[in-house]
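One structure below.
Residue numbers (my numbering): 1016 to 1510.
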């Protein structure tokens, strides 16, 4: 085969991708499904409020800090191999959670779930950049985004259903044990199918970079998750202040390792790709919606006195939009190109402004009209689903396939940081405005303020996304006018 001819695409890439998507489906499913089970867990194990918080935060924190390492492991040792190691570990952790005999056993199981989920989750996103030809990447990313919508739809409803059924008198435990049959089926059918798609390199680890990256993210994420619940103690502020200092040490360590010919966890050359920093800032604003699920549930249950099951059903239009949005992305990309992401985030921004107006115009203690509420939630979900695949392409498409696992981990970790910031900052604003009151008027007003804050954060992402879209459009026009120079520039970048 001539040297300048690209290698033919992997024939079984879509089947491989379908298996890897399980690693993208189970982590968000477990996040949504456990929220519904917390009251039952408290009644059975006698967990305190702080232990309940640890059941959620231990998973969220360790998942976030391990994602970059998990993505890079796929680059070095093969995505299929790393995926199955993560899946087996996640299955064992789910088994521990399902048969937990004490609050601490459950917390340990959740922590192990978070670590192993972060090992398997980035592999699907990394495989898009590594094994799919350019013509198929938009569709693959759309399917990847739809998985998150599916998890958000299924998670809330499945958790309530499993607890209501009380299978074999086990109460809340099937919420965790439901992962086992899924994992067993994937292991049985997936191992013969998946092939090694990682980089054929030396497989050298960067243990120093792994430790420094996890410590840096922990210093940032743990106080954001735990700080408000703990009353923002001194250690949370000290941790937040130390995070940028350790990040600087980490960056210098990785730069020196790269100069010495080593294999850094985060390759500085890859991270200097044009536009990557701005795309990551868009990702940082993208999940400012993260606190919405908590605060809207508080509004529904405490201000409107809606049951937990009915509150979960209210979210279904959002889930439907989040499912349909990614599936519509290829159609919109053919017509709108790089503008799809800011348009999707613009729909979310308008949706939150409309939701704030609807709640504000509704009498206190009265439920908003169902039709406009469902429409607004659908458009918020649709915008989120429309923007996610294009956001991932904006980030992962800027580095070489050899670093696709690394950039997939960075992208996923950035979204987790965005969620933690949203919960800490916008959630903090909500409870500050609430001021200890619990009457419907106060809760409704605090929710309106929080919805406006979310709209502002998403609006900032829209502006940043528009600048990237304009640059991309200008690049297309330039390449059309100067094909020879553009081809030469692309070849230089590839080398």
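Cβ coordinates follow ideal geometry from the N, Cα and C atoms, glycine included. Note that this is a predicted model, so its numbers are computed, not measured.
Item: Start and end residues, alpha helix (DSSP H) containing residue 1125; Value: 1118-1135
Item: Local conformation of residue 1219 per DSSP, three classes; Value: coil
Item: contact_flag[the region 1429-1444, the region 1368-1387] where n(CB pairs < 8 Å) is 3 or more; Value: no
Item: Three-state secondary structure assigned by DSSP to residue 1353; Value: helix
Item: Distance cut-off 7 Å: residue 1475 Cβ against heavy atoms of the ligand MN; Value: The model on display carries no ligand, and the ligand MN is accordingly not part of it.
Item: Residue 1145 versus residue 1361 - alpha carbon distance; Value: 30 Å
Item: Residues of its chain near residue 1273, where Cβ-Cβ distance is below 8 Å and the 5 sequence neighbours each way are ignored; Value: 1279, 1282, 1283, 1284
Item: C-alpha gap between residue 1364 and residue 1337, whole angstroms; Value: 15 Å
Item: Top-ranked residue by Cα proximity to residue 1032, from 1193, 1086, 1142; Value: 1142
Item: Whole-number beta carbon distance between residue 1056 and residue 1247, since they are thought to touch under 8 Å; Value: Contact doesn't hold; Cβ gap of about 26 Å is too wide.
Item: Residue 1185 - DSSP class collapsed to helix/strand/coil; Value: coil
Item: Cβ-based neighbour list, residue 1034, same chain, cut-off 7 Å, excluding 5 preceding and 5 following; Value: 1201, 1205, 1208, 1209
Item: Cβ separation of residue 996 and residue 1420, assumed to be a contact under 8 Å, to the nearest whole Å; Value: Within the shown structure, residues of the chain are numbered from 1016 to 1510, placing residue 996 beyond reach of any answer.
Item: Burial state of residue 1119, where buried means 16 or more other Cβ atoms lie within 10 Å; Value: exposed
Item: Rounded straight-line distance, which links the Cα of residue 1264 to that of residue 1147; Value: 36 Å
Item: Limits of the unbroken alpha helix (DSSP H) element including residue 1313; Value: 1307-1313
Item: C-beta contact flag for residue 1482 and residue 1404 at 8 Å; Value: no
Item: Span of the alpha helix (DSSP H), counted from its first residue to its last, around residue 1412; Value: Segment: none, residue 1412 is in no alpha helix (DSSP H) and carries neither H nor E.
Item: Range covered by the alpha helix (DSSP H) that runs through residue 1257; Value: 1249-1274
Item: Residue 1183, buried or exposed, once every other Cβ within 10 Å from all chains shown has been counted against 16; Value: exposed
Item: As assigned by DSSP and simplified to three states, the class of residue 1384; Value: coil
Item: DSSP three-state assignment for residue 1341, whether helix, strand or coil; Value: helix
Item: Element boundaries [alpha helix (DSSP H), containing residue 1194]; Value: 1194-1205
Item: Per-residue burial, residue 1028 [other beta carbons within 10 Å of its own, 16 or more giving buried]; Value: buried
Item: Beta carbon of residue 1178 nearer than 8 Å to that of residue 1258; Value: no
Item: Classification of residue 1222 by the beta-carbon crowding that lies within 10 angstroms, buried from 16 upward; Value: exposed
Item: Pairwise C-alpha distance: residue 1474 and residue 1467; Value: 10 Å
Item: Where residue 1322 falls: helix, strand or coil (DSSP); Value: coil
Item: Whole-angstrom C-beta distance between residue 1126 and residue 1073, which should lie under 8 Å; Value: 4 Å
Item: 7 Å Cβ shell around residue 1486 - same chain, five flanking residues per side excluded; Value: 1290
Item: Option in 1347, 1422, 1084 with minimal Cα separation from residue 1295; Value: 1422
Item: Span separating the alpha-carbon of residue 1104 from that of residue 1233; Value: 21 Å
Item: Within 8 Å, strictly: CB atoms of residue 1130 and residue 1425; Value: no
Item: Contact under 8 Å by Cβ, residue 1458 with residue 1318; Value: yes
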